[in-house]
Amino acid sequence: VHEEVKQRLSAYLDGELHQAEEQRIRIHLEDCGECRNAYGQLRQLQRATEELSFASPPEDRMQELERRLSVSAPRRVGWLLVVVGAIAWLVYAAWLFVVDPEIATFEKLLVGALVIGAFLLLWSVARQRWLELPRDRYRGVKR
Amino acid sequence: VCEPVKAIVQGEAERSPDGASDLGALARTYRLRAFHFALQLVGNRDDAMDVTQEAFLRLHRHWQRRDPERPFAPWLYSIVRNLAIDLHRRRATRGNQEGDVEGRDEGPGPEILAEQSEQKAAVWRAISALPGPLREVVILRHLHGLSYSEIAEAAGVPVTTVNNRLHDARERLRQQLQGCL
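Same order as they appear, the protein sequences are chains A and B.
With positions in the first sequence counted from 1, the corresponding number in this note's numbering is that position plus 17.
With positions in the second sequence counted from 1, the corresponding number in this note's numbering is that position plus 345.
Below, the structure is given as structure tokens:
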């Protein structure tokens, strides 16, 4: 029982035990000087750590945090609208181009080749960047 | 009259009603705690502030997809913890690449304390010298007052692990600080 109680003293100190177990430990502490001593030291440790105070944050950077949070919501919505709008316009323009009877088929194929080629180049660069990102030594460097 | 009181007791007040303004209010309430947790993990004010800012920006990014049942504090603490670990790893990787292979797993020194009496410095040094997993449960329990289940959620471990780690950590601290307390 003694060893078992010693194992549970930490949870007892934090009030994290069930009522019956808590009562069992309280009764044991009344009888056992060694456990009472250990429990007293744990309480002293708790008090000593609660008295620790830490350096304050730089106030200007705390204000910067609030500013960044206040502007980031409309900025996200703005970017979303711009991207969705741009994609919708591109799809619409591509469709008008494809169905336009005044543009010859070979002209459509040439423009299509240019667009697909540019897209593939962009895709390959983005993919390479994505794959190299975890090994990038300068990723955390601020500009 | 009873409902708001009950809500506060049960932690409802921390849960996040919709909208960024609520995150703004939560940020004002929790920013100092987040900063101090980051400081206790990374050891200097600039890095701690970077981690705090990034943590709140991440919260903001994931705000719409959050689980409304999940209490706010452990979520914030887990983000701060993960960012601090990332920072530590990046530094360690860079250190290794530059030939510094000294892999010490020791926390910040007493220079991060606001008041540096001999006893306080000794207590913090003892906490700081604990292995990382033990150190973080002591910090979350003793310095931030989180419950075992909140610590479990913040650290991503079961409650029994929190219990065992706290017991081990306190035994070490008790023995190390015996003449000092």
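Just so it is clear, CB atoms sit at the ideal spot from N, CA and C, and this is done for glycine as well.
**Request:** Note down, in chain order, all residues in the stretch 490-515 of chain B with a beta-carbon under 8 Å from any beta-carbon belonging to chain A.
**Result:** For the stretch 490-515 of chain B, the set of positions with a beta-carbon nearer than 8 Å to some beta-carbon of chain A reads S492, Y493, N508, L511, H512 and R515 in chain order.
**Message:** For R78/A, would you say it is in contact with chain B, using Cβ-to-Cβ distances shorter than 8 Å as the test?
**Reply:** Locating residue 78/A in the first sequence gives position 61, where the first residue counts as 1. It does: the Cβ of R78/A has a partner Cβ on chain B nearer than 8 Å.
**Request:** Check the Cβ of G369/B against every Cβ in chain A and list those closer than 8 Å, keeping chain order.
**Result:** Against the second sequence, residue 369/B aligns to sequence position 24. Chain A residues near G369/B: E83, L86 and S87.
**Request:** Give, in chain order, every residue of the stretch 44-74 of chain A whose Cβ lies closer than 8 Å to some Cβ of chain B.
**Result:** So the list reads A55, Q58, L59, Q61, L62, Q63, A65, T66, E67, E68, L69, S70, F71, A72, S73 and P74, given in the order they occur along the chain.
**Asked** Exposed or buried, which one is H512/B when buried takes at least 16 other CB atoms within 10 Å?
**Response** Numbered from its first residue, the second sequence carries residue 512/B at position 167. Per the 10 Å Cβ criterion, buried.
**Request:** Using a Cβ cut-off of 8 Å, pull out every chain B residue sitting near E20/A, in sequence order please.
**Result:** Numbered from 1 along the first sequence, position 3 holds the residue referred to as residue 20/A. Within chain B, no residue has its CB atom less than 8 Å from the CB of E20/A, the nearest being about 12 Å off.
**Asked** Which residues bound the alpha helix (DSSP H) around I534/B?
**Response** Limits of chain B in this structure are 346 at one end and 526 at the other, which puts residue 534/B out of reach.
**Message:** Output needed for L428/B: all residues of its chain with C-beta closer than 7 Å, excluding positions within five of it in sequence on either side, in chain order.
**Reply:** As a first step, residue 428/B must be located in the second sequence, where it is residue number 83. So the qualifying residues of the chain are V396, E399 and A400.
**Among P476/B, M394/B, L475/B and E460/B, the one whose alpha carbon lies nearest that of L82/A** = Along the first sequence, read from residue 1 onward, the residue named residue 82/A stands at position 65. Distance from the Cα of L82/A is smallest, within the candidate group P476/B, M394/B, L475/B and E460/B, for M394/B.
**Item:** At least three beta-carbon pairs within less than 8 Å, the stretch 23-39 of chain A to the stretch 497-514 of chain B
**Value:** In this structure the stretch 23-39 of chain A lies against the stretch 497-514 of chain B, because at least three pairs of beta carbons, one per stretch, are closer than 8 Å.
**Message:** Quick check on DSSP: helix, strand or coil for L522/B?
**Reply:** Numbered from 1 along the second sequence, position 177 holds the residue referred to as residue 522/B. Here L522/B sits in coil by DSSP.
**Request:** For L404/B, collect the residues of the same chain with a Cβ closer than 7 Å to its Cβ; drop the 5 residues on either side in sequence, then sort them by chain order.
**Result:** Translated into positions along the second sequence, residue 404/B becomes position 59. The residues are L368, L421 and I424.
**Prompt:** Can a CB atom of chain A be found closer than 8 Å to the CB of F417/B?
**Reply:** Your numbering for residue 417/B matches position 72 in the second sequence. No, F417/B lies away from the interface with chain A (no Cβ there is under 8 Å from its Cβ).
**Message:** Just to confirm before moving on: does the CB-CB distance between E481/B and A467/B stay below 8 Å?
**Reply:** Taking the second sequence and counting its residues from 1, one reaches residue 481/B at position 136. Taking the second sequence and counting its residues from 1, one reaches residue 467/B at position 122. With contacts defined as CB atoms closer than 8 Å, E481/B and A467/B fail to qualify as a contacting pair.
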